[in-house]
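**Q** Take a look at this one; I'll ask things after.
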Amino acid sequence: MVAIIDYGLGNLFSLANALEAVGGKPVLTSDPDAVLKAERVILPGVGAIAEAVQTLGASGMDETVREVARRGTPLLGVCLGMQLLCSRSTEDGEHEALGIIPADVLRLSEAGGLKVPHIGWNAIEPTREHPLLGGLAPGSDVYFVHSYFVSCRNEADVLAYTEYGARFASMIARDNVMGAQFHPEKSQFVGLKMLENFLEI
Amino acid sequence: MLKKRMIAVLILRDGQVVQSVKFKHTNVIHYDPVHAMEAFNKWAVDEIVLLNVSREEETAAPFADVMARISRHCFVPLSAGGWIKDEDYAQRLLRSGADKLVLNTAFADNPGLVQGLSRRFGRQCIVASMDVKREDGMSLIAVDRGRRVIRSRPVDWARQCVEAGAGEIFFNSIDHDGARRGYDLETLREVTGAVDVPVIAFGGVFTWDHLAEGYEAGAAAVAAANIFHYKEQATRAAKSYLAERGYLVRNEGRAFG
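Residue numbers (my numbering), protein chains in the order written: chain E, -1 to 199; chain W, 79 to 335.
In structure tokens:
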């Protein structure tokens, strides 16, 4: 069973739908016990990080996610969910995130006339082999929608880079904890394959 | 590098996909929008926009149901618009699988709603649809599916939409809609130069070259409706045309090959 953490933010329907399309059995839940019992956990999210941190904290889900990470359960943060795994964010002030991966969440630069948010299909360039990337060619395009990006303090935590003005970490991975800045559920073949891979980790 | 997007638009009236010509909708193209969507989803399209252009507000609930049916088969971003007059309905569309909300008349009549939605769901979720209409030799803005002209210049309107919380602009021209002579490039160019958010060009595509013209006018994405329905694999042919001319289009990966 894959638990998708439902804390009122994001298009969970699409994520659940995509997981079902590749043979998964997703359950949307806001219950910490159900999350702890799951074989795999996805932390989704769209929108403002301050609200997400606050909502997760209010229900104790923040501690649950940390516990999932500690227990070694495969944990995938998607979009804002990946940013939530980091140490802190500078979105609208400074906010502590969950602190699972030592990284900072910073605003994309508009230097050179780049439009922010970064919306659209862009390529991922993996730094190494990883089960999540099985069967996928480097340079595959995935769908991004974000104004902030993850800057890892340890380069070893970066699983893939993407170029948008500057290079940023579009995927992170450390042991059982993984993150994708893009939306696999909206990235057609490439994203579905990635979710299928996640179900086998 | 960010790729140039190509978007298919499904215009729905009373739950059926219709052809739009100068904002009049007569020919039914598909009786079932799910079929149209499935084809687009397979054919290299990067994104789908679903618009409810029915005149009757009672179509809002069935439209949300159609959304839910469509989104089950859709693994590219899906935007939905039409009759979004309150937060509840916006939420319902999102819960039915919409990734973005397309708002038009609300920017004129209820900017507070737009601001609230943008705060709550993020500006990446808000697409400002703006319809340009030529009147007295000037480009002006029309709302309410073209019925009401607002004496505002498109450039000012676009900036105002961004200020109210839009993360993207969906640019359309009533005069060019269905007219088969390409986008309103002059106004499009002004708008893409005036805002920092991505602009989607729409209205008037009849040849693949029209799509290229949209990119040249600064659009981050080019959209079409009618033309994509009439040819098998039309979106794939359009993509190949653009790729051959050096536009960076999406690498589909083909993981399931």
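We treat Cβ as the ideally placed atom computed from N, Cα and C, and that holds for glycine.
At which residues does the alpha helix (DSSP H) containing residue 241 (chain W) begin and terminate?
**A** Element bounds for residue 241 (chain W): 232 to 242.
**Q** In whole angstroms, give me the CA-to-CA distance for residue 333 (chain W) and residue 166 (chain W).
**A** Residue placement at residue 333 (chain W) is flagged as unreliable, the pLDDT there being 39, under the threshold of 50; the coordinate-derived value follows with that caveat. Distance between the alpha carbons of residue 333 (chain W) and residue 166 (chain W) is about 38 Å.
**Q** Closer than 9 Å by beta-carbon distance: list the chain W residues that pair up with residue 73 (chain E), in chain order.
**A** Neighbours of residue 73 (chain E) on chain W: none; closest Cβ ~23 Å, over 9 Å.
**Q** I want to check one thing, is the minimum distance from the CB of residue 325 (chain W) to the heavy atoms of the ligand GDP below 7 Å?
**A** This structure lacks the ligand GDP, and indeed carries no ligand of any kind.
**Q** Using beta carbons (cut-off 8 Å, strictly below), is residue 173 (chain W) in contact with chain E?
**A** Yes - at least one Cβ of chain E is within 8 Å of the one on residue 173 (chain W).
**Q** Roughly how many angstroms lie between the CA atoms of residue 6 (chain E) and residue 132 (chain W), to the nearest whole one?
**A** One C-alpha to the other measures close to 30 Å.
**Q** CB residue 101 (chain E) to CB residue 150 (chain E), shorter than 8 Å?
**A** Yes, Cβ-Cβ distance for residue 101 (chain E) and residue 150 (chain E) is below 8 Å.
**Q** Go through the stretch 140 to 195 of chain W residue by residue and report every complete run of the alpha helix (DSSP H) that reaches 4 residues or more, in order.
**A** For the stretch 140 to 195 of chain W, whole alpha helix (DSSP H) runs of length 4 or above, ordered along the chain, are 165 to 173 and 184 to 187.
**Q** Mapping DSSP to helix, strand and coil, what is residue 334 (chain W)?
**A** Confidence is the limiting factor: at residue 334 (chain W) the pLDDT is only 35, short of 50, which leaves the residue's position unreliable, though a coordinate-based value still follows. If DSSP states are grouped into helix, strand and coil, residue 334 (chain W) belongs with coil.
**Q** Does the separation of the CB atoms of residue 122 (chain W) and residue 95 (chain W) fall below 8 Å?
**A** For residue 122 (chain W) and residue 95 (chain W), no; Cβs fall outside 8 Å.
**Q** Which residues does DSSP pair with residue 104 (chain W) in a beta bridge?
**A** DSSP, once it has assigned bridges, lists no residue as partnering residue 104 (chain W).
**Q** So for residue 152 (chain E), helix, strand or coil by DSSP?
**A** Three-state result, residue 152 (chain E): coil.
**Q** Indicate whether at least one CB of chain E lies closer than 8 Å to the CB of residue 194 (chain W).
**A** Output row for residue 194 (chain W): interface = no.
**Q** If you drop the 5 nearest sequence neighbours on each side, which residues of the same chain put their C-beta closer than 7 Å to that of residue 271 (chain W)?
**A** Taken in chain order, the residues that qualify are 296.
**Q** Just the C-alpha distance for residue 290 (chain W) and residue 156 (chain W), rounded to the nearest angstrom, thanks.
**A** Their Cα atoms are separated by approximately 23 Å.
**Q** Any C-beta of chain W sitting closer than 8 Å to the C-beta of residue 138 (chain E)?
**A** Yes, residue 138 (chain E) lies at the interface with chain W (some Cβ there is under 8 Å from its Cβ).
**Q** Is the beta carbon of residue 83 (chain E) sitting closer than 8 Å to the one on residue 98 (chain E)?
**A** Yes, they are a contact pair.
**Q** Taking C-beta pairs closer than 9 Å, name the residues in chain E that residue 330 (chain W) reaches, listed in chain order.
**A** In chain order: 138, 139, 186, 187 and 188.
**Q** Could you check whether residue 174 (chain E) and residue 30 (chain E) sit closer than 8 Å to each other, using their CB atoms as the reference points?
**A** Result no, Cβ atoms of residue 30 (chain E) and residue 174 (chain E) do not sit closer than 8 Å.
**Q** Excluding the 5 residues flanking residue 260 (chain W) on each side, which residues of the same chain have their C-beta closer than 6 Å to its C-beta?
**A** 282, 288 and 291, listed in sequence order.
**Q** Along the chain, where does the beta strand (DSSP E) that runs through residue 116 (chain E) open and close?
**A** Run containing residue 116 (chain E): 116 to 121, per the beta strand (DSSP E) assignment.
**Q** So that I know if they touch, is there some Cβ in chain E lying closer than 8 Å to that of residue 203 (chain W)?
**A** Answer yes: the Cβ-Cβ gap between residue 203 (chain W) and chain E drops below 8 Å somewhere.
**Q** Buried or exposed, going by whether 16 or more other CB atoms sit within 10 Å of the CB of residue 81 (chain W)?
**A** Label assigned to residue 81 (chain W): buried.
**Q** Roughly how many angstroms lie between the CA atoms of residue 179 (chain E) and residue 315 (chain W), to the nearest whole one?
**A** Taking the straight line from one Cα to the other gives about 30 Å.
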